[in-house]
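There are 4 protein chains.
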Amino acid sequence: MNTFGNIFKISIFGESHGNGIGIVVDGCPAGINISANDFTEDLARRKAGKKGTTPRKEDDLPELLSGVFNGKTTGAPIAILFRNNNTKSKDYSQLFDHPRPGHADFVARLKYGGYNDFTGGGHFSGRITLGLVAAGVIAKKMLAPMKFEANILEAGGMTDIDKAIEIAQEKKDSIGGIVECKITNIPVGLGEPFFGSVESAISSAVFSIPAVKGIEFGAGFKVAKMSGTENNDNIIDSKGTTETNNAGGINGGITNGNDIVFRIAVKPTPSVSLPQETFNIKDGKVEPLEIVGRHDLCIALRVPPVLEAAAAIALADLSLIAQSVKRVF
Amino acid sequence: MNTFGNIFKISIFGESHGNGIGIVVDGCPAGINISANDFTEDLARRKAGKKGTTPRKEDDLPELLSGVFNGKTTGAPIAILFRNNNTKSKDYSQLFDHPRPGHADFVARLKYGGYNDFTGGGHFSGRITLGLVAAGVIAKKMLAPMKFEANILEAGGMTDIDKAIEIAQEKKDSIGGIVECKITNIPVGLGEPFFGSVESAISSAVFSIPAVKGIEFGAGFKVAKMSGTENNDNIIDSKGTTETNNAGGINGGITNGNDIVFRIAVKPTPSVSLPQETFNIKDGKVEPLEIVGRHDLCIALRVPPVLEAAAAIALADLSLIAQSVKRVF
Amino acid sequence: MNTFGNIFKISIFGESHGNGIGIVVDGCPAGINISANDFTEDLARRKAGKKGTTPRKEDDLPELLSGVFNGKTTGAPIAILFRNNNTKSKDYSQLFDHPRPGHADFVARLKYGGYNDFTGGGHFSGRITLGLVAAGVIAKKMLAPMKFEANILEAGGMTDIDKAIEIAQEKKDSIGGIVECKITNIPVGLGEPFFGSVESAISSAVFSIPAVKGIEFGAGFKVAKMSGTENNDNIIDSKGTTETNNAGGINGGITNGNDIVFRIAVKPTPSVSLPQETFNIKDGKVEPLEIVGRHDLCIALRVPPVLEAAAAIALADLSLIAQSVKRVF
Amino acid sequence: MNTFGNIFKISIFGESHGNGIGIVVDGCPAGINISANDFTEDLARRKAGKKGTTPRKEDDLPELLSGVFNGKTTGAPIAILFRNNNTKSKDYSQLFDHPRPGHADFVARLKYGGYNDFTGGGHFSGRITLGLVAAGVIAKKMLAPMKFEANILEAGGMTDIDKAIEIAQEKKDSIGGIVECKITNIPVGLGEPFFGSVESAISSAVFSIPAVKGIEFGAGFKVAKMSGTENNDNIIDSKGTTETNNAGGINGGITNGNDIVFRIAVKPTPSVSLPQETFNIKDGKVEPLEIVGRHDLCIALRVPPVLEAAAAIALADLSLIAQSVKRVF
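Residue numbers (our numbering), protein chains in the order written: chain R, 1 to 329; chain V, 1001 to 1329; chain W, 2001 to 2329; chain X, 3001 to 3329.
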């Protein structure tokens, strides 16, 4: 199930150390301006290189294989390809028999009978999100003037994130974080009952991002402690503006015109330098595992553009669905 | 988008005060024992009548219209119908012009040009989840010996839930809650990369349940404050049993054989007896709204069987998908 | 796979001798006038009772369970139920062990491990097309002013169809036929590359109708004998009107604004009164089979409204898809 | 709608004169042997170069971008890319304003507001079928020992096909043809009621192939002239072998274990050297159009491997679906 969407449909492919990584975007309307430059900013935000991210360096230059002609989308599928260059597959060979805790190594081996590409995490690598970001760029252009902005709120339990990274580096451990996404300029009426709620679509896309373990909309888990009168967002004008925004811009699964706001919990990168006591399949017993290879210390740092992309893709699809059944009454 | 699933596909229909509510379950294997009695327990758990729930009483007797023959599924679609009996549509007429805060009234009116059935919340009513519970019963039977158990952990911020209800009743307000679902006897290998992760499938189904505003798996939002060595679940045997279960039974989107554990935040019922200051479309100004009609004070109380059903439906689909591509290696 | 469509999505259920037969139509826009009367004409055209059709009589009264409010569609799923009344299940018990040639009896038994409802053909009965016709009525209303008209061109190789029926009655045999469907007032631009061609969508829906063994668009099989200059339809005005219509209104899988024209081949009803030499599973040998029960002599006679419905459903979906990605350039 | 399939899901992309053409195959089981050599035969059969085919020469070398590791499928999506090398885009510029009869030029311009890539037919080019053939190779390997064999039965109305080509070359015209596909070693039970019939799935895939205007299964259009006793295929043994095969191996939409046989009608290539009188959008009047560029004289010659691929892809999906709901009774 490497496809997502009903009308704005994406199909993702690639492995961390394979020939390339990419995505096909089907169902994008014709006539939208797209150039290679449009991808630069979001891809750069996702890129490694900052403190706390992996030393693996990739150019991440997108090649537009199809679907764009004279600088505009044609209505045909847009295929985008990224080449993998900086691969070091030797690092991973031991992990096939001694699967890393917190990773997909163990389940992938069983699910695919050992035929999965395990180098660099294979198809389970966070590197696959490159394609997601690329598709997100197209979704955002299609959805303009909607605007997506994700930021990391805290890492390792601290709001001073530089400090948190330093502490983790000292401990040779990794840390998790919380990322918030806010989307503005939302029309009323996106989202479909029953299974096409905005929360369903966004969460479904967002949980595809490796390392996400929780999501909450608006006041989120706080609603469990609130009363109805505290939580209800009173409407104050004919456009549906609400006094508060505990609903995170969504009622009955449908956008109410207020900002969509949601937060996710990102777990600490499971690959840490410290040795871990975990089962070795070949040896048939628990043994210390020391992970070499290049890894992010706080993957949450790189998540914001990926999160925006996931949300944009989900909303692009809901937007086209809403348009499909619209009648002028 | 009132359908869900790829192979185990459900299609839901009905309005709160219409002729009936139901669901069609397609893709269920033939030869599974099903009788009307199988639905009794989960439907009873979902039913109103307990303290803190709506005074509306419905028999909620399922009629099996198709797909079951001589007490066993036939492989053809299973259609299940519930009649609405105890409807009082007069109560709702004013809400069309004076939409309730926290409800879908406002967005539904705009989205459907005023043609939506607004009586009793229409298709947005929590009553629609009857169909979900019925489909969940079938999914559970198909998935046996997997076992689903959801419980309310707290309401209104308190673990003494009776007490919480009493306080809310005194205040004439409603309260939210947290519900946890634990699923046991899970095989390794359910869930698909990239968009078919277990978290994606479950969250997508779960956010269809009205009033859910957050979901977290395993350690959930706590992972954001954890280090990698704290969060990683070390594997201790060849079956993949882990020492801890911070992952909630899911790695890389795929079941690892340990229990699936997740929690949801349920908001307080938006319909409260206290007057609320909110926009009246007809009058063009903010006015006090007093909601009559029959409502739950703490909808979270009725959510557990619905949550189990949503999870079972999602896993039934993933289970059939996993079987479809399985080869004996 | 009892569902069809991407946006205008239908889900069909029921067995010939079960509690009921029906369909759920999801994705229909709100605000379309629908009353029970709208179904009368097409259901009557499909009904048995004419010379050459089965003596089984059913009222075929549709009950609108949901999705219609104050005489208009609400935007929520429209569920329609037909009850089975005139069932005689005893007639069919022998066929489980002695499967009828030309029917699904043998394959259904193997596919479903014998758990399929075999009475009256179960879910494979032509009676299931009742639901299709009902959904077709809704699709046609949505697509107006498009107009659908299907007619039987020949039966048993003769254009005098009354005569053909009489001959077959004398021989106690059944006969096949050819049915043509013409659709007028078509906008340019329905249909999607690559797999969403109009021919793909219509043929996919049409081959769901039991007994259809061939379909051809425009000049159809004759194109194989034509040259390019004979077959090409020259365009004569800015609206895309063509001199000839060998393409049947479709170029590159997309409507060109001219009439859509296609024909289907309908096989003779496999249930005939004459004895047939075919394998008896219980006895383990070929034996004469005499089929009792009530059957159509020429099922093609009842196909026209079903064919229109299948085409209308396919075009309703393509129409909403085309609208979804439309931009005003 | 450039995707096809429920479990064995393909996503096609590319334009005739763009950067590349390709396909992503999702849902293929892990552990199937795949090498670049596996594609050679079918791609060569599809290639131009024979008498009656286009002078455009392309290497058509597939690059496996993902999903194959150590010579075996991994269970992750398989992306395959073909580069376009021999493109001459200047030839096509006039056709934007003076659309070719029988082509998608006119409808594509209107549908996509003129933003479609019209060079070489863009996304509507027969060249896109390269991707289909590549996916077909994978489907065939997965389905072995099923065997696919398609052949051209007649061209321009003649069975001596060399002769037919010569005549057409002299007339500077193009010709159509009939292609038959036979599939052997079929298990009983592929295909799903109601909309997932084998005929529905195959026809839906086959009508994606440009130039196909008709399809018939088994006795096809002849059934319309047959009686039930003539048409019925009597079963002669416990495996379901039938005396005759008028059903083309399919009853009730489900394979009965006998060979699947179907035929398609392929229209003559619309691009002919002779001038055609057709509407010029820019000039606003009917004018003679002379088509330059390189074209097939009888596209049917290149269709057999494409037809096999379409059928294999459809059956691969039905095969995985059948496996998904299979229980050992």
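C-beta atoms are modelled at their ideal positions from N, C-alpha and C, and glycine is treated no differently.
Assumed close pair residue i, residue j - CB separation to whole angstroms, cut-off 8 Å
| i | j | result |
| --- | --- | --- |
| C298(R) | S200(R) | Going by Cβ atoms, the distance from C298(R) to S200(R) rounds to 29 Å, so no, they are not a contact pair. |
| F1262(V) | F1221(V) | About 12 Å; that fails the 8 Å criterion. |
| D59(R) | V137(R) | Their Cβ separation, rounded to whole angstroms, is 17 Å, which puts D59(R) and V137(R) out of contact at 8 Å. |
| E3180(X) | L3153(X) | 5 Å |
| K3072(X) | I3032(X) | 6 Å |
| A1265(V) | V223(R) | 5 Å |
| F124(R) | L95(R) | F124(R) to L95(R), Cβ: 12 Å. No contact. |
| R3100(X) | I3291(X) | 6 Å |
| D2042(W) | P2210(W) | Not a contact, Cβ separation roughly 18 Å. |
| S3011(X) | G3122(X) | Not really, about 18 Å apart at Cβ, beyond 8 Å. |
| Y2112(W) | T1074(V) | 6 Å |
| I1260(V) | I3321(X) | Between I3321(X) and I1260(V) the Cβ distance is about 26 Å, and since that is not below 8 Å, they are no contact. |
| I3167(X) | G3156(X) | 7 Å |
| F1279(V) | I161(R) | Between I161(R) and F1279(V) the Cβ distance is about 40 Å, and since that is not below 8 Å, they are no contact. |
| S203(R) | F3013(X) | Their Cβ separation, rounded to whole angstroms, is 28 Å, which puts S203(R) and F3013(X) out of contact at 8 Å. |
| Q2276(W) | N3232(X) | 6 Å |
| P1062(V) | A1108(V) | Incorrect: roughly 27 Å between the Cβ atoms, too far for contact. |
| L289(R) | H98(R) | 5 Å |
CA-to-CA distance, residue j to residue i, given in whole angstroms
| i | j | result |
| --- | --- | --- |
| G1131(V) | K2326(W) | 35 Å |
| G3049(X) | R3056(X) | 8 Å |
| A311(R) | L301(R) | 17 Å |
| A1205(V) | N1002(V) | 11 Å |
| K2282(W) | I3250(X) | 23 Å |
| F3207(X) | E3308(X) | 13 Å |
| Q3323(X) | S1319(V) | 12 Å |
| L1064(V) | N2019(W) | 8 Å |
| K213(R) | D105(R) | 18 Å |
| E242(R) | T159(R) | Per the sequence shown, residue 242(R) should be read as Thr rather than Glu. Spanning the two alpha carbons is a distance of roughly 29 Å. |
| G5(R) | F2194(W) | 17 Å |
| K182(R) | A150(R) | 6 Å |
| H3295(X) | K140(R) | 40 Å |
| F2069(W) | Y1115(V) | 7 Å |
Beta-ladder partner(s) of residue i, from DSSP
| i | result |
| --- | --- |
| P2288(W) | E2277(W) |
| G3022(X) | F3013(X), L3081(X) |
| C3181(X) | A3150(X), F3262(X) |
| A1104(V) | The partner list for A1104(V) (beta bridge, DSSP) is empty, contrary to what the question assumes. |
| T1255(V) | I1250(V) |
| K1072(V) | N1033(V), F1069(V) |
| A155(R) | M158(R), G177(R) |
Opening and closing residue of the alpha helix (DSSP H) in which residue i lies
| i | result |
| --- | --- |
| K3171(X) | 3161-3171 |
| L318(R) | 303-324 |
| K3140(X) | 3129-3143 |
| I3186(X) | Run containing I3186(X): none; DSSP gives neither H nor E here. |
| V2198(W) | 2198-2206 |
| T2119(W) | Here T2119(W) belongs to no alpha helix (DSSP H), and DSSP marks it neither H nor E. |
| A3048(X) | No alpha helix (DSSP H) holds A3048(X); DSSP gives it neither H nor E. |
| N231(R) | 228-231 |
First and last residue of the uninterrupted beta strand (DSSP E) at residue i
| i | result |
| --- | --- |
| V3212(X) | 3212-3217 |
(message) With three or more C-beta pairs closer than 8 Å as the rule, is the region 1075-1090 of chain V touching the region 1011-1030 of chain V?
(response) yes
(request) Could you tell me whether the region 2241-2258 of chain W touches the region 2272-2283 of chain W, where touching means 3 or more Cβ pairs closer than 8 Å? (result) no
(message) Does the structure place the region 1226-1242 of chain V close enough to the region 139-154 of chain R that three or more beta carbon pairs sit under 8 Å?
(response) no
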